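Heads up, the thing below is written out as structure tokens.
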Amino acid sequence: MHSNYLANNNGLTTEQKHKPLILIVDDEPSNLHVLVEGLLTDYDVRISTSGEQALIFIESTRPDLILLDIMMPGMDGYEVCNILKAKQNTKGIPVIFVTALTEEESEEKGFAMGAIDYIHKPYKLALVRARIRTHITAQGMLDRLIEKNFDLHDKLLEIESLAKELSQREEELKELSSKQKLFYQALTGTADGVVITDSNGKIIAVNPSFCRITGYSESDSLQMQLHDIKQNNHPSISFDQVWHHANQAGYWSGELVTRRKNGELYPELLTLSMVKGEQDTNVHYIGVFSDISSVKITQERIHYLTWHDELTGLPNRNGFLKQLEQQLQVCSTENSYAYIYIIDIDSFHSINDGLGLLAGDNILKELTKRIHSKVSKKDVIARLGSDEFAVLCTVEKGVGRIRAQAMAENKAQELLISVNHPFVVDEQDVSLTVSIGTYIFPREDQWESAIETIRNCEAACYKAKEKGGNRVTFFDTSFGEQAKRRFEIEQDLRKAISNNELSLYLQSQFDRSQTLKGAEVLLRWEHPQKGFISPGEFISIAEESDIIYDLDCWVTSNALEILTQLSKTHPKLNLSINVSGRHFHEARFLSFISQQIKQHSINPQQLTIEIIEGTLLNHMEAAIEAVHFLKKLGIRVSIDDFGTGYSSLTYLKQLPIQELKIDRSFVLEAPTDNNDKLIIDMIVSLGRLFELEIVAEGVENQSHFDLLQEYPEVILQGYYLHRPEPASDWLEKLN
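Okay, structure coming up:
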């Protein structure tokens with residue numbers, strides 16, 4: 136617990152004096168934390184972790200109320216309460232016992248000692264705050280008024296006998312009168328309704344909030360019994376039971392459904408407490424209550440949003456999972472089938488970006504209507520996420536799996552056709568397509584949960600998107616295995632860097648006379664359980680998450696370590712590293728490259744960064760700035776997979792690049808395919824025109840090597856010349 140809340144003898148700040156002071160006495164940190172966090176907003180809270188410490192604090196600072204734990208090591212709560220009630224200056228402090236005990240005998244013992252209330256563990260913070268507010272605003276003020284009135288009476292007697300102290304006593308009277316006014320203002324100004332009755336339940340005082348909430352005026356109320364106004368309409372409890380409990384235990388707190396004067400029902404939170412005089416001859420009851428209609432409305436709203444989507448009014452993922460789980464049980468019991476769709480809008484982000492979020496919302500609502508029009512009324516439609524919908528469809532008992540699949544296919548195709556009709560947004564036609572994944576359940580080989588069922592259907596939807604969208608794809612067991620494999624690879628890849636599972640390989644590059652010109656840095660991963668994992672598999676997975684940034688930083692840092700060694704022995708050899716287009720142009724990666732160059736003793740001209748052609752096409756302006764930045768650092772830039780894009784000449788004119796890399800797909804078929812040979816001719820000609828170096832990948836056999844001899848300036852790379860090997864082996868052979 137923070138030291139700011141520990142009870143000590145320091146004076147209170149001005150801000151703290153404006154709040155009632157609550158002293159919490161408990162030796163359990165978890166209890167203290169819950170109470171402090173729940174009360175700190177409205178009260179000045181101090182804590183003591185033992186009875187002895189609490190008594191020391193009270194000697195110098197009088198709290199407005201004490202929350203006192205009964206069960207504590209050393210001095211327990213009963214002993215502390217006895218000591219307080221035995222002293223004239225502390226007996227008036229309200230004490231609420233905090234206990235896990237529920238026996239009536241324990242409560243009677245506490246009330247006999249002078250406690251005003253009990254709070255049971257575990258805490259219900261709303262109840263705790265209501266109890267404290269009750270006693271602070273009502274009983275506490277009443278006790279103090281009585282106490283101050285006695286003081287006033289004593290002072291008047293002293294005035295009669297001690298005239299010489301008249302001036303001093305007049306000042307004290309003014310101060311007491313001011314406090315009485317303050318207490319009265321607090322009572323009349325509180326938002327909670329307050330009512331005071333005699334021992335028989337006849338109302339003797341109410342505050343303005345009582346009148347506002349119930350509709351009864353003060354004059355009406357003073358002629359009535361509390362029983363007449365608080366006749367509860369909640370079926371589980373009557374007000375007679377409430378009154379009986381308060382009479383026996385000294386208090387009652389809970390929810391009632393009460394009727395206003397105009398007949399309207401409203402829910403209220405009521406705390407009814409018995410107040411006794413010192414000789415137990417003058418008994419009153421104080422009720423403090425609040426209208427919780429708005430709280431109930433909020434609770435109902437929260438409950439609705441827990442299971443529904445606010446935009447469309449459809450069930451959300453939680454609501455859909457609940458109904459799907461029920462349907463799985465029905466299918467298992469009745470040996471029947473059902474199926475679900477996952478419907479995902481293709482490239483929905485472009486609609487939000489181009490037309491705005493409001494237009495996107497209108498399309499989602501219109502799509503909801505179209506789905507409703509194509510499915511049965513008994514089918515369940517849900518919105519699982521941004522642009523992802525789900526439909527749960529049942530079939531008649533006795534319909535087999537093949538027939539269910541045919542029904543699912545027909546309905547899905549109808550959905551596709553319906554969606555393909557343009558959507559009208561702001562008098563503008565908007566065309567869109569969806570990808571639909573379909574899953575028939577239960578599977579014959581195993582029983583699945585609702586979450587697993589949705590996951591399988593989402594895998595089918597993902598496959599539909601991979602194939603270009605605007606299609607229906609049924610789940611295949613391989614989809615689930617692929618999705619599981621992708622998830623495992625992504626999770627393991629996050630650990631692979633720190634676990635030292637990654638390594639760098641080098642593949643040499645040669646000129647036409649097979650003189651070594653440099654090498655390309657390649658990444659390899661040897662998983663401790665799964666063995667070798669192909670870069671083609673794990674790099675594509677990394678590209679879909681931010682892991683690719685960490686991966687590129689690791690490769691760059693370790694490649695520069697290799698280049699540091701190479702610079703000392705072979706300053707003319709070049710190393711090439713590949714950088715993902717996702718962050719090539721981002722400030723964080725460019726800053727990282729700059730820092731790494733400064734940290735390593737290398738010639739930046741020996742480093743080439745390869746970027747794929749698509750990076751430039753998707754982020755032309757940012758890519759141009761990034762290439763200029765790298766040029767200032769002295770780093771060479773190469774365009775990888777050149778020729779696979781569609782606007783190459785545009786950026787060749789604008790970018791200060793040094794190298795073009797012919798994609799291996801052109802080299803592999805060039806000896807037998809004249810079109811590929813013509814593409815190589817064109818790329819080499821562009822290189823000569825723009826004075827760029829040319830590297831040809833895919834030199835896999837003698838025919839490739841012989842064909843490329845026609846281009847004396849082209850650098851060659853491929854398995855025919857050199858197979859990739861660990862960087863340490865490559866350096867050792869080089870030296």
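To convert, take the position in the sequence shown, counting from 1, and add 135; that gives my numbering.
Virtual Cβ for every residue (Gly too), placed ideally from N, Cα, C.
Keep in mind it's a predicted model, so treat the numbers as computed, not measured.
Of the residues S638, A599 and I586, the one whose Cα lies closest to the Cα of T573 is A599. Taking the Cβ atoms as the reference, S408 lies roughly 7 angstroms from Y420, within the contact range of under 8 angstroms. The Cβ atoms of S643 and L856 sit closer than 8 angstroms to each other.
A direct Cα-Cα distance of roughly 16 angstroms separates L200 from I191.
A Cβ-Cβ distance of about 6 angstroms is found for the pair G186 and M207, placing them in contact under the 8 angstroms criterion.
Here V215 is not near D161, since their CB atoms are 8 angstroms or more apart. When the alpha-carbon of V565 is set against those of E305, L502 and N545, the nearest one is in L502. When beta bridges are read from the DSSP output, G328 appears opposite F424. Per DSSP, P402 is one residue of the beta strand (DSSP E) stretching across L400 to K411.
Around E593, the same chain offers I477 and G572 as residues with beta carbons nearer than 7 angstroms, after the five sequence neighbours per side are excluded. In this structure, R452 places its C-beta atom within 8 angstroms of the C-beta atom of L519. Across the set F318, N335, I338 and N342, the C-alpha of N342 shows the shortest separation from the C-alpha of V329. Remark: C-beta atoms of D522 and D479 approach each other more closely than 8 angstroms.
Within its own chain, the residues whose Cβ lies closer than 8 angstroms to the Cβ of A189, once the five positions on either side in sequence are excluded, are A142, L158, V160, S183, I201, L203 and V215, listed in chain order.
Bounds of the beta strand (DSSP E) holding K796 are E794 to I797. In this chain, the beta strand (DSSP E) harbouring I668 covers G666 to I668. When secondary structure is reduced to three states using DSSP, I586 falls in the helix class. The alpha helix (DSSP H) runs of length 4 or more contained entirely in the segment 591–666 are, from start to end of the chain, 612–631. DSSP, reduced to helix, strand and coil, places T573 within a strand of the structure shown. In this structure, DSSP gives R578 a state outside helix and strand, which the three-state scheme calls coil. Between the alpha carbons of K504 and L446 lies a distance of about 13 angstroms.
For L551, no beta strand (DSSP E) segment is defined; the enclosing uninterrupted segment is the alpha helix (DSSP H) at R536 to N555. Secondary structure within the segment 209–268: the alpha helix (DSSP H) runs of 4 or more consecutive residues, fully enclosed, are 212–221 and 239–248 (chain order). Beta-bridge analysis with DSSP links I338 to T332. For H419, the beta-bridge partners assigned by DSSP are V410. Contact annotation, T588 with L459: C-beta distance approximately 6 angstroms; criterion of less than 8 angstroms satisfied. In this structure, DSSP gives G448 a state outside helix and strand, which the three-state scheme calls coil. C-alpha of T568 to C-alpha of G653: approximately 48 angstroms in a straight line. If you check the CB distance, A525 and I475 come in under 8 angstroms.
Taking L827 as the centre and dropping the five residues before and after it, the same chain places the C-beta of I792, Q793, E794 and L795 closer than 7 angstroms to its C-beta, in chain order.
Three or more beta-carbon pairs separated by less than 8 angstroms are not found between the segment 368–385 and the segment 214–229, which leaves the two stretches without contact. Cα atoms of L787 and E748: separation of roughly 11 angstroms, rounded to the nearest angstrom. Apart from sequence neighbours up to five positions away, no residue of its chain approaches G398 with a beta-carbon distance below 6 angstroms. Between V418 and S334, the C-beta spacing is below 8 angstroms. Residue state for S354 is assigned as helix, using DSSP reduced to three classes.
Sorting K309, H662 and I746 by C-alpha distance to the C-alpha of S715 places I746 at the top.
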